[in-house]
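A.B. asks: In the UniProt record's numbering, the protein residues as written are 1 to 506. Glycine included, every Cβ here is placed at the ideal spot set by N, Cα and C.
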Amino acid sequence: MSDIWYIPEPRCIFGYGQSMEHPKDGLTAFGPVHDQRQPKELRIGAIGTPDGLRYFRQWVGSIQGPVPVSKKDDPKQSLFPGFAATFRCSWAEEPIASIEIDPKEIEETLRHADGHQRIYNTVSLYESRIAKYVNEEDFPVSLWFVIIPEAVYERGRPKSQVPLAERTHKEEALSHKQAKSLATAPFFPFLDALNRGAEMHRYARDFRDQLKGRLLGPRAVVQVVRETTLAPHAFTKSNGAPLRSLQDPVDVAWNLATGAFYKAGGQPWRLDGIRSGVCYLGMVYKRLDEHSGSQACCGAQMFLTDGDGLVFKGAVGNWYSEESREYHLDEAQAETLMHKAIDAYRAQHKDDPREVFIHGRARFNDAEWKGFEKAIPETTKLVGVRIKRNNLRKLYRGDKYTALRGLALPFSETSGLLWTLGFVPRLQTYQGREVPNPLLIDICRGTANLRTVMTDVLALTKVNFNACLYADGMPVTLRFADRVGRVLTAIPPELDPPPLPFRHYI
């Protein structure tokens, strides 16, 4: 099999049942897909410094009306019509809940010499107040905007450091090895401060991931956004240039507004032509840390034909192999994860799925596949698909453009290459800088039509509701796998979250 296929661009359904290729075109013309569950207003909460909250209100005010494109006659940009005009939903400039944090509190926590304690304490400034509101107030918030100063971004990352002259609490600083030793040592009251510090080392050294992980318990959905994103004009260098490079205001409006609508409970669009009764599972793995050896957390993301999803956390186990550099479950854990997915599907659809496609980055071994099969109903078809980026083969054209998105090169009846990136006629360009690499699509378990599988994979690149893009390069089943894994491992394993919607993790 050497003929090159062309898989037509998948379309999405919007208001009035209309379908279009580009989400921005569909939302502008018809609004979001019609559904009785769509919100009529966004119930937004905001937490940040007084300046951050002011920037947020100003930004929300700026998207009430049209946001123009910065480059005329550029097909890559589309005018943002205004939030209500786009989503048929209101978004008040004043949040339902508005929580101020004293900048001095943030400054103090960010000076801690111990990176884990620094980030844990900074996260606590936000997490404790959001959790308190969720538990005590009667006015529910669908989505919290967490507006952070640039200092939180700079010092809230895994490798961030505090200049020596600014460090505080140096006597409480612990190495990760010391923290692990304290965690297994007998408790002594005079070591109370050190024991508290050691406990903080059990949380990820990343502000965003830890905040999302700790808010899985209260089930609070958050959108972390930097003050510099909302008000770039307020942050400039000495020469007047912007402090950091940003997307154009119209692109920020599209992406943040679409993400907010989705995370607050809306569905911007759904895929057109996807077969009913189909369920897609994306495998998620994450090693606990660089010193954990084969120990890793597992999970699964389930996506249905409407594009929305659930995340299931599995057990921590010896899933990683140093030799093969691959993750594999044992039979029992594979069966447990699949049971969770099937039970969730039944709860929503009152029936069993007709087909389940499992997407992974490695081939499935015999033990884990046996576990998956044991949990699958007799009437459900199970297919395993390996999806990996492949840089060994490229397609070239005789002009200045790259190959079309949607081209496929089959090798056999079960495997081939699919170009999810490439020239897009609607955009009149390829949104990349290098010759695009295809995805290797390999039906490694079960039986399915290769063209059908590739068509599904291409369609699943169009349901990233965290932004408003024409398409992604990876299907949503794997696009956010690393990010979901980071959130799952950002908190201690015993804090086992229930199955929660995908919006909690991205």
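When DSSP builds the beta bridges, which residues end up paired with Q301?
C.D. replies: In the DSSP output, where bridge partners are listed per residue, Q301 has G282, V311.
A.B. asks: From the DSSP output, which residues share a beta bridge with A403?
C.D. replies: According to DSSP, which records beta bridges pairwise, A403 is partnered with nothing at all.
A.B. asks: Work out the CA separation of Q267 and I13 for me, nearest whole Å.
C.D. replies: Cα-Cα distance, rounded: 11 Å.
A.B. asks: Can you tell me the Cβ-Cβ gap for I44 and V141, rounded? I've got them flagged as a contact below 8 Å.
C.D. replies: Contact flag correct, Cβ pair sits at about 7 Å.
A.B. asks: Since Q295 sits in a beta bridge, which residues does DSSP pair it with?
C.D. replies: According to DSSP, Q295 bridges with N318.
A.B. asks: Looking only at DSSP bridge pairs, what is V67 linked to?
C.D. replies: V67 is bridged to F80.
A.B. asks: Considering only the beta carbon of each residue, do L495 and G217 sit closer than 8 Å?
C.D. replies: Yes, the pair counts as a contact, with Cβ atoms nearer than the cut-off.
A.B. asks: Identify the residues that DSSP records as bridge partners of P501: which are they?
C.D. replies: Answer is L310, bridged to P501.
A.B. asks: Taking the alpha carbon of R54 as the point to measure from, which residue in Q428, P436, K76, I148 has its own alpha carbon closest?
C.D. replies: Of Q428, P436, K76, I148, the residue nearest in Cα terms is I148.
A.B. asks: Taking the C-alpha atoms as reference points, what is the distance between P497 and E323?
C.D. replies: Their backbone Cα atoms lie some 31 Å apart in a straight line.
A.B. asks: For E368, count the other beta carbons within 10 Å of its own beta carbon; 16 or more makes it buried, fewer makes it exposed. Which is it?
C.D. replies: Classification of E368: buried, given that the 10 Å Cβ count is 16 or more.
A.B. asks: So, using beta-carbon positions, are A408 and L395 closer together than 8 Å?
C.D. replies: It is not a contact, given that the beta carbons lie outside the stated cut-off.
A.B. asks: Are the stretch 229 to 243 and the stretch 206 to 217 in contact at 8 Å, needing three or more beta carbon pairs?
C.D. replies: Not touching, per the Cβ criterion.
A.B. asks: Check F190 in the structure and name its three-state DSSP category.
C.D. replies: Its pLDDT being 45, under 50, F190 is placed unreliably in this model, and the value from its coordinates should be taken loosely. Three-state DSSP puts F190 in a helix.
A.B. asks: Check whether the Cβ atoms of G360 and L329 lie closer than 8 Å to each other.
C.D. replies: No, the Cβ-Cβ distance between G360 and L329 is not below 8 Å.
A.B. asks: Does the separation of the CB atoms of C279 and P377 fall below 8 Å?
C.D. replies: Taking 8 Å as the Cβ cut-off, C279 and P377 do not qualify as a contacting pair.
A.B. asks: Between the alpha carbons of residue 533 and D272, how many angstroms are there, rounded?
C.D. replies: Lying outside 1 to 506, the shown extent of the chain, residue 533 is not represented and no answer is given.
A.B. asks: Measuring CA to CA, which of A151, A332, E331 is closest to L243?
C.D. replies: Residue A151 is the option with its Cα nearest to L243.
A.B. asks: When burial is assigned at 16 or more other CB atoms within 10 Å of the CB, is F139 buried or exposed?
C.D. replies: By the neighbour-count rule (16 or more Cβ atoms within 10 Å), F139 is not buried but exposed.
A.B. asks: So H22 is in the alpha helix (DSSP H); what residue range does that whole segment cover?
C.D. replies: Here H22 belongs to no alpha helix (DSSP H), and DSSP marks it neither H nor E.
A.B. asks: Measuring alpha carbon to alpha carbon, tell me which of R270, E137, G115, M20 ends up nearest V33.
C.D. replies: The shortest Cα separation from V33 among R270, E137, G115, M20 belongs to R270.
A.B. asks: Which runs of the alpha helix (DSSP H), 4 residues or longer, sit entirely within the stretch 88 to 154?
C.D. replies: List check, alpha helix (DSSP H) in window: 103 to 109, 115 to 136.
A.B. asks: How is T236 classed by DSSP in three states: helix, strand or coil?
C.D. replies: In this structure, T236 counts as strand in the three-state DSSP scheme.
A.B. asks: Quick one: any contact between the stretch 64 to 80 and the stretch 238 to 256, if contact means 3 or more CB pairs under 8 Å?
C.D. replies: Touching, yes.
A.B. asks: Count the other CB atoms within 10 Å of the CB of L392; is the residue buried (16 or more) or exposed (fewer)?
C.D. replies: Exposed, since its Cβ has fewer than 16 Cβ neighbours within 10 Å.
A.B. asks: Looking at C-alpha atoms only, which residue of P81, F303, R155, C444 is the closest neighbour of F465?
C.D. replies: It is F303.
A.B. asks: Contact defined as beta carbons within less than 8 Å: I believe L211 pairs with V222. What is the distance between those atoms, to the nearest angstrom?
C.D. replies: Rounded, the Cβ-Cβ distance is 6 Å, consistent with contact.
A.B. asks: Pick helix, strand or coil for K388, following the three-state DSSP scheme.
C.D. replies: If DSSP states are grouped into helix, strand and coil, K388 belongs with the strands.
A.B. asks: Comparing alpha-carbon positions, which option in G384, V463, Y126, G240 lies nearest T447?
C.D. replies: Among G384, V463, Y126, G240, the Cα nearest to that of T447 belongs to G384.
A.B. asks: Short of 8 Å in beta carbon distance, which residues of its chain neighbour P492, apart from the five on each side in sequence? Order them along the chain.
C.D. replies: Closer than 8 Å at Cβ, skipping near neighbours: R202, Y203.
A.B. asks: Pull up the CB-CB distance for K313 and L488, whole angstroms please, since I reckon it's below 8 Å.
C.D. replies: Indeed they touch by this definition, with Cβ atoms about 5 Å apart.
A.B. asks: Straight-line CA distance for L310 to I342?
C.D. replies: Approximately 12 Å, taken between the alpha carbons.
A.B. asks: Grab me the residues of F207's own chain with a C-beta within less than 7 Å of its C-beta, minus the 5 sequence neighbours each way, in chain order.
C.D. replies: I119, T122, V123, V152, G156, listed in sequence order.
A.B. asks: Alpha carbon to alpha carbon, how far is F261 from F145? Give it in angstroms, no decimals.
C.D. replies: Computed Cα separation, rounded: 12 Å.
A.B. asks: Just checking E107 against the ligand FAD - is the residue's beta carbon closer than 7 Å to any of the ligand's heavy atoms?
C.D. replies: Among the components modelled here there is no ligand, and therefore nothing to report on the ligand FAD.
A.B. asks: Going straight from the alpha carbon of Q431 to that of K400, what length do you get?
C.D. replies: Roughly 14 Å separates the two Cα atoms.
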